[in-house]
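Undergrad: Mind looking over this structure? Questions follow.
Number of protein chains: 2
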Amino acid sequence: MATRPTRPALRERYDRRRQGVVVEAARVFAARGYDQTTMQQLADELGIAAGGLYHYFGGKEQLLIAICDELMDPLLDRAQELLEQDAPPEAQLRALVRLWVAHVVAHRDHMLVFQQERHVIEHGDQWRGVRDSRKRFERLVEGLLDRLDGEPGIDRRLALSALLGMVNHTAQWYRPRGRLSPEQIADGYTDLLLGR
Amino acid sequence: MATRPTRPALRERYDRRRQGVVVEAARVFAARGYDQTTMQQLADELGIAAGGLYHYFGGKEQLLIAICDELMDPLLDRAQELLEQDAPPEAQLRALVRLWVAHVVAHRDHMLVFQQERHVIEHGDQWRGVRDSRKRFERLVEGLLDRLDGEPGIDRRLALSALLGMVNHTAQWYRPRGRLSPEQIADGYTDLLLGR
DNA sequence: CACGATACCGAATGACCGTTCGAAGTTCGA
DNA sequence: TCGAACTTCGAACGGTCATTCGGTATCGTG
């Protein structure tokens with residue numbers, strides 16, 4: 003693996019290209035599966051030789067890690083930013099779910115790869131970072147749910163699991179020109195959780 | 003691959019052993035991933051030689067198909083049986099979700115493998131059977147939701163997706179001696195869907 | 001233009017893995 | 001107990017694939 007260029011102009015090009023590789027990898031991995039995709043196939047899709055990939059990534063697994071980071075990091079940032087604001091819990095929940103659904107559908111491929119490779123993420127050694135990000139995001143949602151007013155019609159922990167299930171599952175059926183917009187979907191989930 | 007024994011006594015032993023292989027395979031695949039598990043590792047867990055596996059299965063992929071069939075077929079049967087009875091839609095929904103959650107937690111490993119290998123199931127040629135089973139089950143649930151009385155507080159299709167997401171996601175967090183029983187979990191989901 | 005830094009090529013490598021198959025062991029039924 | 005059916009073994013095969021690396025083309029810069 004090459005080192006990141008030192009000169010600013012080149013560094014920019016390098017970063018863009020690297021990012022492009024991640025996005026394409028997410029696409030191909032989501033469609034064919036991580037293990038069933040060869041570096042050769044991925045390189046073909048990108049129009050470069052297989053060896054060229056190692057200019058940007060130390061190996062196949064680093065590529066997978068990059069996909070997951072690109073999925074979790076911005077989501078976590080935005081969620082944190084949102085929750086720092088001072089607003090009623092219900093409004094925050096609605097806003098968070100919107101943000102979350104929007105992120106999921108904008109990164110469908112990343113999300114599908116993330117779900118498919120759950121076993122590596124849970125057990126792998128280099129995966130503590132990704133695991134922690136996921137855990138932290140879940141805790142954010144959990145904390146918000148605890149802050150909701152009113153007696154819960156449903157167990158709070160169960161509501162959290164349900165919400166995680168619904169939203170993440172969205173990646174598997176959402177289509178860009180579908181009947182419902184991401185916002186409508188998100189609001190539907192929120193309404194469901196709040197008993198309408 | 004050997005043919006199924008003709009003599010009844012032997013056939014019984016053969017079926018039991020084959021079934022044991024499927025269950026163990028589900029366990030190992032769920033933990034390590036299908037592609038990352040070698041036939042050797044699987045055989046080790048079973049205490050037999052790698053070649054011995056081919057006495058029961060034509061190949062690794064057939065094993066995967068067997069896991070999925072073992073998951074979907076009984077679920078579909080029970081659901082169909084339930085829906086043939088004459089009962090109010092709400093009661094049927096509650097019963098169906100109970101049945102479904104119970105099945106998912108009883109076959110957690112099968113379920114996790116099923117989700118991980120989504121891409122093969124969606125695109126593979128030999129997978130039409132499994133695909134059809136899944137589709138048929140979804141249609142059963144969809145039909146039941148349409149039969150619910152009252153104006154829907156949420157889009158019916160979205161409710162279906164949400165339910166699918168919640169229930170299937172259960173496989174990823176449920177633990178046998180957890181705080182909630184499968185029935186409590188199922189009822190929680192149903193309450194959520196019906197607005198409590 | 002010229003030079004160094006960067007980007008990519010592509011053949012070679014070494015390891016791994018699913019699958020085969022003939023032989024050996026075991027079990028069943030008569 | 002004997003033979004046939006069944007089960008398992010385990011070494012060998014053929015193929016695939018991630019990764020390496022020395023060389024070549026391209027690009028930015030002075």
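Residue numbers (the working numbering), protein chains in the order written: chain A, 3 to 198; chain B, 3 to 198. All residues carry an ideal CB built from backbone N, CA and C; glycine is no exception. These numbers come from a predicted model, not from an experiment.
Flag this pair as yes or no: are the beta carbons of residue 117(B) and residue 117(A) separated by less than 8 Å?
TA: If you number the second sequence from 1, residue 117(B) lands on position 115. If you number the first sequence from 1, residue 117(A) lands on position 115. Yes, Cβ-Cβ distance for residue 117(B) and residue 117(A) is below 8 Å.
Undergrad: Taking residue 122(B) as the reference, give the member of 180(A), 190(A), 37(A) with the closest Cα.
TA: In the second sequence, the residue the question calls residue 122(B) occupies position 120. Answer by Cα proximity: 37(A).
Undergrad: Using the Cβ count rule (16 or more neighbours within 10 Å means buried), how would you classify residue 183(A)?
TA: In the first sequence, counting from the first residue as 1, residue 183(A) sits at position 181. So residue 183(A) counts as exposed.
Undergrad: Identify every run of the alpha helix (DSSP H) within the region 58 to 133 of chain B, keeping only runs that are complete inside it and at least 4 residues long; order them along the chain.
TA: DSSP runs (the alpha helix (DSSP H)) wholly in the region 58 to 133 of chain B: 62 to 86, 91 to 108, 110 to 118, 120 to 125.
Undergrad: What's the gap between the Cα of residue 7(A) and the Cα of residue 21(A)?
TA: On the first sequence, residue 7(A) is found 5 positions in, with the first residue counted as 1. On the first sequence, residue 21(A) is found 19 positions in, with the first residue counted as 1. For residue 7(A) and residue 21(A), the distance between alpha carbons rounds to 15 Å.
Undergrad: Return the first residue and the last residue of the alpha helix (DSSP H) that residue 191(B) is part of.
TA: On the second sequence, residue 191(B) is found 189 positions in, with the first residue counted as 1. From DSSP, the alpha helix (DSSP H) with residue 191(B) extends over 184 to 195.
Undergrad: Rounded to a whole number of angstroms, what is the C-alpha to C-alpha distance between residue 85(A) and residue 142(A)?
TA: Counting from 1 along the first sequence, the entry for residue 85(A) is found at position 83. Counting from 1 along the first sequence, the entry for residue 142(A) is found at position 140. Residue 85(A) and residue 142(A): Cα-Cα distance of roughly 8 Å.
Undergrad: What are the residues of the region 151 to 173 of chain A that lie near chain B, defined by any Cβ-Cβ distance shorter than 8 Å?
TA: Those would be 155, 156, 157, 159, 160, 161, 163, 164, 166, 167, 168, 169, 170, 171, 172, in chain order.
Undergrad: Exposed or buried, residue 12(B), counting other C-beta atoms within 10 Å across all chains shown (16 or more means buried)?
TA: In the second sequence, the residue the question calls residue 12(B) occupies position 10. Per the 10 Å Cβ criterion, exposed.
Undergrad: List, in chain order, every chain A residue whose beta-carbon is nearer than 8 Å to that of residue 33(B).
TA: As a working note, residue 33(B) is residue 31 in the second sequence. Those within 8 Å of residue 33(B) in chain A are 121, 125.
Undergrad: Quick check on DSSP: helix, strand or coil for residue 172(B)?
TA: Mapped onto the second sequence, residue 172(B) falls at position 170. Correct three-state label for residue 172(B): helix.
Undergrad: For residue 60(B), tell me which candidate among 198(B), 24(B), 89(B) has the shortest Cα-Cα distance.
TA: Here the question's residue 60(B) lines up with position 58 in the second sequence. The residue with the shortest Cα to Cα distance from residue 60(B) is 24(B).
Undergrad: Check residue 279(A) in the structure and name its three-state DSSP category.
TA: One cannot answer for residue 279(A) here, as it falls past the ends of chain A, which runs 3 to 198.
Undergrad: Whole angstroms is fine: what's the gap from residue 193(B)'s alpha carbon to residue 55(A)'s?
TA: Taking the second sequence and counting its residues from 1, one reaches residue 193(B) at position 191. Taking the first sequence and counting its residues from 1, one reaches residue 55(A) at position 53. Near 50 Å, if we compare the C-alpha coordinates of residue 55(A) and residue 193(B).
Undergrad: Please determine, among 89(A), 107(A), 34(A), the residue with the shortest C-alpha to C-alpha distance to residue 177(A).
TA: For the purposes of this step, residue 177(A) is taken as the residue at position 175 of the first sequence. Nearest of 89(A), 107(A), 34(A) to residue 177(A), Cα basis: 107(A).
Undergrad: Does DSSP put residue 1(B) in a helix, in a strand, or in coil?
TA: Within the shown structure, residues of chain B are numbered from 3 to 198, placing residue 1(B) beyond reach of any answer.
Undergrad: Got a sec? Which residues, its chain only, sit under 8 Å from residue 154(B) by beta carbon, not counting five neighbours each side?
TA: Along the second sequence, read from residue 1 onward, the residue named residue 154(B) stands at position 152. 161.
Undergrad: For residue 171(A) versus residue 135(B), is the C-beta spacing smaller than 8 Å?
TA: Counting from 1 along the first sequence, the entry for residue 171(A) is found at position 169. Counting from 1 along the second sequence, the entry for residue 135(B) is found at position 133. Going by C-beta atoms, residue 171(A) is not nearer than 8 Å to residue 135(B).
Undergrad: Between residue 61(A) and chain B, is there a C-beta pair that is closer than 8 Å?
TA: The residue given as residue 61(A) occupies position 59 in the first sequence. Taking Cβ atoms only, chain B never reaches closer than 8 Å to residue 61(A), which makes this a no.
Undergrad: Where do the N-terminal and C-terminal ends of the alpha helix (DSSP H) with residue 45(A) fall, by residue?
TA: Locating residue 45(A) in the first sequence gives position 43, counting from the first residue. Counting along the chain, the alpha helix (DSSP H) containing residue 45(A) begins and ends at 41 to 48.
Undergrad: So is residue 111(B) buried or exposed if we call it buried at 16+ other beta carbons inside 10 Å?
TA: In the second sequence, residue 111(B) corresponds to position 109, counting from 1. With 16 or more Cβ atoms within 10 Å of its Cβ, residue 111(B) is classed as buried.
Undergrad: Assuming residue 157(B) and residue 197(A) form a contact by the criterion Cβ under 8 Å, report the distance between their Cβ atoms to the nearest whole angstrom.
TA: Mapped onto the second sequence, residue 157(B) falls at position 155. Mapped onto the first sequence, residue 197(A) falls at position 195. About 16 Å separates the two Cβ atoms, so there is no contact after all.
Undergrad: Let's test the definition: count the other Cβ atoms within 10 Å of the Cβ of residue 200(A) and tell me whether it reaches 16, buried, or not, exposed.
TA: This structure gives no information on residue 200(A), because the portion of chain A shown stretches from 3 to 198.
Undergrad: I'd like to know if residue 29(A) contacts chain B, where contact means its C-beta is closer than 8 Å to some C-beta of that chain.
TA: As a first step, residue 29(A) is located in the first sequence; it is residue number 27 there, counting from the start. With 8 Å as the cut-off, residue 29(A) does not count as an interface residue toward chain B.
Undergrad: Could you check the C-alpha separation between residue 125(B) and residue 10(A) for me, to the nearest Å?
TA: Within the second sequence, residue 125(B) is the residue found at index 123, counting from 1. Within the first sequence, residue 10(A) is the residue found at index 8, counting from 1. One C-alpha to the other measures close to 43 Å.
Undergrad: Can you list, in chain order, the residues of its chain with a C-beta nearer than 7 Å to that of residue 41(B)? Leave out the 5 residues immediately preceding and following it.
TA: Position 39 of the second sequence, counting from 1, holds the residue named residue 41(B). The answer, listed in chain order, is 52, 55, 62.
Undergrad: Mapping the DSSP letters down to three states, classify residue 16(B) as helix, strand or coil.
TA: Translated into positions along the second sequence, residue 16(B) becomes position 14. Here residue 16(B) sits in helix by DSSP.
Undergrad: Compute the beta-carbon to beta-carbon distance between residue 146(A) and residue 95(A), rounded to the nearest angstrom, for a pair I have assumed lies under 8 Å.
TA: Counted from its first residue, the first sequence places residue 146(A) at position 144. Counted from its first residue, the first sequence places residue 95(A) at position 93. At roughly 6 Å, the Cβ-Cβ gap stays under 8 Å, so residue 146(A) and residue 95(A) are in contact.
Undergrad: Which whole-angstrom value is the C-beta distance of residue 132(B) and residue 50(B), which I expect to be below 8 Å?
TA: Locating residue 132(B) in the second sequence gives position 130, counting from the first residue. Locating residue 50(B) in the second sequence gives position 48, counting from the first residue. Not a contact, Cβ separation roughly 26 Å.
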